[in-house]
Amino acid sequence: MANNTADHPPGNSVTEVDHDGDFGCTMMQLRELMELRSGEAVNKIAECYGDVQGICRRLKTSPIEGLSGNPADLEKRHTSFGKNFIPPKKPKTFLQLVWEALQDVTLIILEVAAIISLGLSFYHPQGDGNDNCGQAAGGVEDEGEAQAGWIEGAAILFSVIIVVLVTAFNDWSKEKQFRGLQSRIEQEQKFTVIRKGQVIQIPVAEIVVGDIAQIKYGDLLPADGILIQGNDLKIDESSLTGESDHVRKSLEKDPMLLSGTHVMEGSGRMLVSAVGLNSQTGIIFTLLGAGSEDEEKKVKKAKTQDGIALEIQPLKSEEGAESEEKEEKEEKEKKKVNVTKKEKSVLQSKLTRLAVQIGKAGLIMSAVTVIILILYFVIDTFGVQGREWTAECTPIYIQYFVKFFIIGVTVLVVAVPEGLPLAVTISLAYSVKKMMKDNNLVRHLDACETMGNATAICSDKTGTLTMNRMTVVQAFIGDTHYKSVPEPEAINPQTLEILVNSISINSAYTTKILPPEKEGGLPRHVGNKTECALLGLVMDLKRDYQPIRDEVPEEKLYKVYTFNSSRKSMSTVLKNANGPGFRMYSKGASEIVLRKCSHILDASGQQRIFKAKDRDEMVQKVIEPMACDGLRTICVAMRDFTTEPDWENEAEILNDLTCICVVGIEDPVRPEVPEAISKCQRAGITVRMVTGDNINTARAIATKCGILQPGEDFLCMEGKDFNQQIRNDKGEVEQERLDKVWPKLRVLARSSPTDKHTLVKGIIDSTVGETRQVVAVTGDGTNDGPALKKADVGFAMGIAGTDVAKEASDIILTDDNFTSIVKAVMWGRNVYDSISKFLQFQLTVNVVAVIVAFTGACITQDSPLKAVQMLWVNLIMDTLASLALATEPPTESLLLRRPYGRDKPLISRTMMKNILGHAVYQLIITFTLLFAGEKFFSIDSGRNTPLHSPPSEHYTIIFNVFVMMQLFNEINARKIHGERNVFEGIYRNPIFCCVVLGTFALQIIIVQFGGKPFSCTALTIDQWLWCVFIGVGELLWGQFITAIPTHRLKFLKEAGHGIPKEDIPDEVLTEGADEIDLAEMELRRGQILWFRGLNRIQTQMDVVYTFQTGQTAVPGALRRQPSVVSQHNDAKTVSSPTHVGISSSSLSANSAAAVGPPASASSSTTGN
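Under this note's numbering, the sequence shown is numbered contiguously, ending at residue 2660.
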């Protein structure tokens, strides 16, 4: 495997030869070592280096002190072993983007027509025999005008160039934004290392070979390493190997840790042995990217919308082909089940349908226009006038046909709303940028808009609703319940000693309390907040935990059972220094640990028997009162062993404990949360709390937050009862049972990650109630991964969240605060409204322009709006209007209405009334001007002019009035719910004002100086005033339309519905056709392959994601991979974000495992 990647890019691996003397092993030796697994690796280390300490010596690092951090030393390590950075793929150049924009079919048709028109205009037939060609050639005033025939063709080409450049520039700036977002996410990712004996956090890119890194539950490993010391360490390596079982790591059996894998349990320290392109992830990366140039044709190209394309090569083996076939079958089966993910982006599915419908209508209209024009001309020329087709007249006739064709194409150009994807993109990109300021880091663009439709939020308690600043406020020690932290003198010295030792040793050594950064501030809590509260108790008891930790360093810990969601406790075993035997300290949720206690320390520090009835009494008198005050209760216990037991038999070990004390930890509700929750409830969003805490604590906090109101009959239940109610006798979840529970459920306490996933899935899949639910979920732990992935929008905590949770989420809350979710709802609704505003404006223009062009062409043989003018109108209504209307800032009033939900149409009846109402006004004005304008303005008629005649004042006025009406209607379009004051808050949107004024200025220039290319002639000041006056009439007409009650207009239909689930044909679901990027109407070819290849590349994508593109916000093209768990109700274990171990064999590994040899890879593909 090393051979394939020996040609990795220079710069990261300057020749090792010069530095051989500096370090005892070369980069290649370390790379080869990292390719070995388990037993082989242990043997190789023993054979070549003695042990891990030997490798540390050769790399000149200390397993305890770490590196010195000396810049010269770090630079030398960079030179010898490379940097921990994987270079991103080059962005597309501006020219590539221009070329892509040119692929648009309508533009190609226009280009062809313009070139034909241009070519014919230079062809002048010999002689004066043109009279025979009839009216066709007549009326050319002078030679100069005849020569100007090329101008129209050239102007069309010029307009096409402008449109292409604008599109390409938009794509380019969009890509630049996403890359900026990407690098911001990468910079924020930090990792804990030891340098100069100090534990510090450094950006992942600064990690070097030889660093000693501290790893803990929830980390995503940023580099390859070798374990130096570990406690109960389990790693999920599915992102590299496709095996979903967690791998237990230990010095004796398997010390190799690989980049891109997730720590699922435990903690430890590792020696970094390979970084960047030399790590296992980097090697796969090089494999993915290496053959891309010469294999473009063979390779399936995975194009993501932000221009980062990953070349994924199929396995180069015979078995590869078979496995691909099998995978495709599996893929189809999977897709059948996984419908809910398909309707992921509510807005985009509605937009796609609408745009396709409008496009079809435009196509039909343009075809009919061309046919009618040609027939009329042929019948008139050869039938009525009875002329013959002669050779010298051919070019002139062809020029007419080309002109008709151009008119047809312009009708099509105006009808197809290619501004829609642009409006969506601009609106989303603008919102994403602004949401950063509101502490929402958006990873998947469409999540921002889906959030506006959210009808339910399932929130964690700790850290989201509460401050996550835990403090011990009550304690039960030595048979006494203290309502505040007791003085140290009040506690028996022996008990105090045991308690302080237990808390100091039985907690992660990375958890610390540091002095405040500012004078008078609060001490800083680093690490696990519950452990910080207990360490705070030690300090309140006027003791210090650090000397105890120095006396018992991590190496001396005999065995550690780390906290996980099934244990709900943590235990640490020490070997007795002064004699045989062991002592184990435990801590955990009070109900769980007390159940395992058989003794308790009394007031004199002696052990006494603790029976079941004592326990019940304690629960009643101590734990429940604490919980009702909203406190979390933690029990601290211990056990002595005289002989060594079987440490693997956990049930036996964690039993027969002695209770030292029970503490009540307060985590105060964030002061701004109650108001945020009441805003959500006003906005029609149900907030549910899902927590692992005691039900009494959860109820108390929910009441403080306002989730539970006094006098309401909502449910609070524990995970156990929840499962009993929703599962049948076989233990399977039944949707009907779930539908009886969730509508009333507000608090789910003592819940496991599986419960959270089941609840979220149940609500999303439910069909009870008027509308389908759109669910947002918050999570911070590794085990929240499946629920975050399943939800319509997953929020991960930026501060407390683990890398795994962030990976599975759509939006990262950088301040871990619930109020930021409310801001996200506001922005989401704003996006939805912005796009509705744009649609209302654009569809009015579309309807009018198409009808005017069509009718005008049929009656007067020429479109009143010329091709170039149409393109200008298209530019106003597409690019500029989308910019103006898509950047409206949100207002609080958005939170006063109910969410739209999945089924609400995009164009409401009020909007339809506005569109048709304004279209009527514009059509009446346009046709009046077309057929009677010359009398009104006392000018020459512009109808039925010959082929190359100069522009007429008549048609210029029609064009100008048309644009003025659009400009003023743009102001009307700012309101879509029938509000009267269309100017409200207009000054808050400078972009809108600039666009409207800018368009007006450009229109003056075009009309006054545009001349022949724009088919315009300069107008007088009187004519201008009339044009503006008719435009202002739009605002007055808007008030008249608003006054008509919508409910009276029964004939109005809504448009732009989402696709109902039952209407989706099976074959669409199976082939996953609906997964193509819905925002981009062009449906670019590469994307179809991208989605076909999606499941196949899931595994590699995990790896690639981790270091590079995964955290980029991608506008819908890279849909999140379908959550495999959603097929089943019960996820057995949580592995990496895309691989979830399922209690059924139907889950395949989805991976052409890039690591092992091809044969093993293909066998793992068929299902592991």
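Cβ coordinates follow ideal geometry from the N, Cα and C atoms, glycine included.
7 Å Cβ shell around ASP1703 - same chain, five flanking residues per side excluded: GLY1558, LEU1559, VAL1685 and VAL1764
Would you mind listing the beta strand (DSSP E) stretches within the stretch 2184 to 2256 that are 3+ residues and don't spill past its ends, in chain order? Fully enclosed beta strand (DSSP E) runs of 3 or longer: 2207 to 2210 and 2237 to 2241.
Identify, in the order they occur along the chain, each residue of the same chain with its Cβ nearer than 6 Å to the Cβ of ALA2143, setting aside the five sequence neighbours on each side. none
Would DSSP call PHE2102 helix, strand or coil? In the three-state reduction of the DSSP assignment, PHE2102 falls in the coil class.
Straight-line gap, VAL2044 to ILE1997 (C-alpha atoms, nearest Å): In a straight line, the C-alpha of VAL2044 is about 8 Å away from that of ILE1997.
Report the residue from GLN1706, LYS1682, GLU1880 and SER1675 whose alpha carbon sits nearest the alpha carbon of GLN1690. GLN1706
Quick one: measure Cβ to Cβ for ALA2190 and ALA2241, integer angstroms, because I've assumed they're closer than 8 Å. 4 Å
At 3 residues or longer, what runs of the beta strand (DSSP E) sit wholly inside the stretch 2122 to 2184? 2123 to 2133, 2149 to 2158 and 2178 to 2182
Within 10 angstroms of the Cβ of PRO2278, are there 16 or more other Cβ atoms? Answer buried if so, exposed if not. Buried is the label assigned to PRO2278, since at least 16 other Cβ atoms lie within 10 Å of its Cβ.
By a C-beta neighbour count over all protein chains shown, 10 Å radius and 16 as the cutoff for buried, is GLY2071 buried or exposed? Result: exposed.
Is it a yes or a no for the stretch 1946 to 1954 touching the stretch 2066 to 2084, going by three-plus beta-carbon pairs under 8 Å? no
In terms of residue numbering, what span does the alpha helix (DSSP H) encompassing THR1963 cover? THR1963 -> not in any alpha helix (DSSP H); beta strand (DSSP E) instead, spanning 1963 to 1969.
Let me make sure I understand the geometry here. Which of CYS2519, LEU1937 and TYR2050 has the alpha-carbon closest to that of ASP1724? TYR2050
For a quick check, are the C-beta atoms of ILE2313 and ILE1949 less than 8 Å apart? yes
If you compare alpha carbons, which of LEU2363, VAL2114, VAL1924 and MET2130 is closest to ARG2124? Ranking the options by Cα distance to ARG2124, first place goes to VAL2114.
For ARG2238 and PHE2206, believed in contact at Cβ under 8 Å, the rounded distance: 4 Å
Comparing C-alpha positions only, which one of PRO2202, SER1999, GLN2332 and ALA2283 sits nearest to GLY2028? SER1999
Given 8 Å as the limit, is there contact between the stretch 2150 to 2170 and the stretch 2221 to 2228, that is, 3 or more CB pairs closer than that? no
Helix, strand or coil for GLY2523? Go by DSSP, reduced to three states. helix
Who are ASP1728's beta bridge partners in DSSP? HIS1754
What's the C-alpha gap between THR1553 and SER1759? Looking at the two C-alpha atoms, the distance is approximately 21 Å.
With a cut-off of 8 Å, do at least 3 Cβ pairs link the stretch 2376 to 2389 to the stretch 2504 to 2514? no
If you follow the alpha helix (DSSP H) that HIS2446 is part of, which residue opens it and which one closes it? 2445 to 2464
Do you know whose CA, among PHE2330, PRO1714 and ILE2092, lies nearest ASN2464's CA? PHE2330
Note the first and the last residue of the continuous alpha helix (DSSP H) segment covering PHE2287. Segment 2285 to 2289 is the beta strand (DSSP E) holding PHE2287; no alpha helix (DSSP H) there.
CB of PRO2391 within 8 Å of CB of ASN2322, strictly: no
At what residues does the beta strand (DSSP E) containing GLY2271 begin and finish? 2267 to 2271
Mark ALA1982 as exposed unless 16 or more other C-beta atoms lie within 10 angstroms of its C-beta, in which case mark it buried. Around the beta carbon of ALA1982, fewer than 16 other beta carbons sit within 10 angstroms, so the residue counts as exposed.
Should THR2134 go down as buried or exposed, given a rule of 16 or more other Cβ atoms within 10 Å for buried? exposed
My assumption, with CB atoms under 8 Å, is that LYS2405 sits in contact with THR2538. Please give the rounded CB distance. Sure, about 6 Å apart at Cβ, within 8 Å.
Output the distance between the C-alpha atoms of ASP1798 and SER1919, rounded to the nearest integer angstrom. At ASP1798 the pLDDT is 33, less than 50, meaning the model places this residue with poor confidence; the figure from the coordinates comes in the next sentence. Their Cα atoms are separated by approximately 16 Å.
At the level of alpha carbons, what is the spacing between PRO1978 and ALA1967? 8 Å
When the distance is taken between beta carbons, is LEU1779 closer than 8 Å to LEU2710? Since the first and last residues shown for the chain are 1493 and 2660, residue 2710 lies out of range.
Straight-line CA distance for THR2054 to LYS2060? One C-alpha to the other measures close to 9 Å.
Mind the definition here: the stretch 2327 to 2341 touches the stretch 2450 to 2464 only if three or more C-beta pairs lie below 8 Å; say whether that holds. yes
Does the stretch 2385 to 2400 come into contact with the stretch 1924 to 1935, if we say contact requires no fewer than three beta-carbon pairs (one atom in each stretch) closer than 8 Å? no
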